[in-house]
Amino acid sequence: MVSQSIGMRTFSLLVFCMAFTLIEGAAKERHCTFRVHAQANPQDSDVFSMPASTTSSGKQIAIQRLAWITEHDVIAFSPYPAKDGTLGALFQLDEHGQVVLDTLSVEHRGGFLFIFINGRMITPLQIDKRVSDGKIYVPSGLTAADVELMNKQWRPHRERKR
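Residue numbering for the sequence shown follows this note's numbering, starting at 39 and increasing by one per position.
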């Protein structure tokens, strides 16, 4: 009788914890994915890298499979119309993302960072200088649907008045 009572309490506690986890997971549902991948060493195996091309030259290069920066590192964004009829955006990163971007810009200077949004490669960005301000500029390639999903996930970036 006592073992049945303990077993039932344990089972009830397990069900409660699982329900709470599911509710919390649903509340933190992500609407938009944002991934920044760095250029990989061409000799890396398929386990660590995948092929990609730079849109400007069409040259095939390897990119790291592991994303260095994700949507979890973004705290705000600011969309704007691009010259080609698509949209561009400025993404503001949190402290973690800022440190990672700074490190990537120093260690991979001259290489490329590849921006993926909602599973699509939007643009390769060539690293020409150190980026320590935690801002990533995506010049174009976004759709209105992308921006709509971003609005559900991040707050719009507002410049401070001076």
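Note that CB positions come from ideal geometry on N, CA and C, so glycine has one too.
Nearest candidate by alpha-carbon position, reference T161, set H69, I174, Q136: Nearest option by C-alpha distance: I174.
Neighbour-count burial assignment, H75, 16 or more Cβ in a 10 Å radius: Burial call: buried.
Per DSSP, cross-strand counterpart(s) of P89: In the DSSP secondary-structure assignment, P89 is bridged to A100.
Coil, strand or helix - H69 by DSSP: Coil, per DSSP.
Local Cβ density within 10 Å of S41, reported as buried at 16 or more and exposed below that: Any reading at S41 needs caution, since the residue's pLDDT is 49, under 50, leaving its predicted position unreliable; the model's value is listed next. S41 comes out exposed.
First through last residue of the beta strand (DSSP E) which encompasses A78: For A78, no beta strand (DSSP E) encloses it, and the DSSP letter there is neither H nor E.
Residue range of the beta strand (DSSP E) that includes K190: From DSSP, K190 is part of no beta strand (DSSP E) but of the alpha helix (DSSP H) over 182 to 191.
Selection from P194, D122, Q98, D132 that minimises the alpha carbon distance to I107: The residue with the shortest Cα to Cα distance from I107 is D132.
CA-to-CA distance, P117 to V185, given in whole angstroms: Between the alpha carbons of V185 and P117 lies a gap of roughly 7 Å.
Residue nearest to F72 in terms of C-alpha spacing, selected from Q136, S83, E109: F72 has its Cα closest to that of E109, out of Q136, S83, E109.
Given L180 as reference, the closest of V112, D166, I155, L163 once Cα atoms are compared: Answer by Cα proximity: I155.
Residue span of the beta strand (DSSP E) that contains T108, given as start and end: Note, T108: premise wrong, no beta strand (DSSP E); not H, not E.
Endpoints, beta strand (DSSP E) assigned at G126: Counting along the chain, the beta strand (DSSP E) containing G126 begins and ends at 125 to 131.
Inter-residue spacing [alpha-carbon to alpha-carbon] between A120 and A127: Near 9 Å, if we compare the C-alpha coordinates of A127 and A120.
Residues near Q164 in its chain [Cβ-Cβ closer than 6 Å; skip 5 each side]: The residues F150, in chain order, have a CB closer than 6 Å to that of Q164 in the same chain once the five nearest residues on each side in sequence are set aside.
Spatial distance of A182 from L125 (CA atoms): Roughly 7 Å separates the two Cα atoms.
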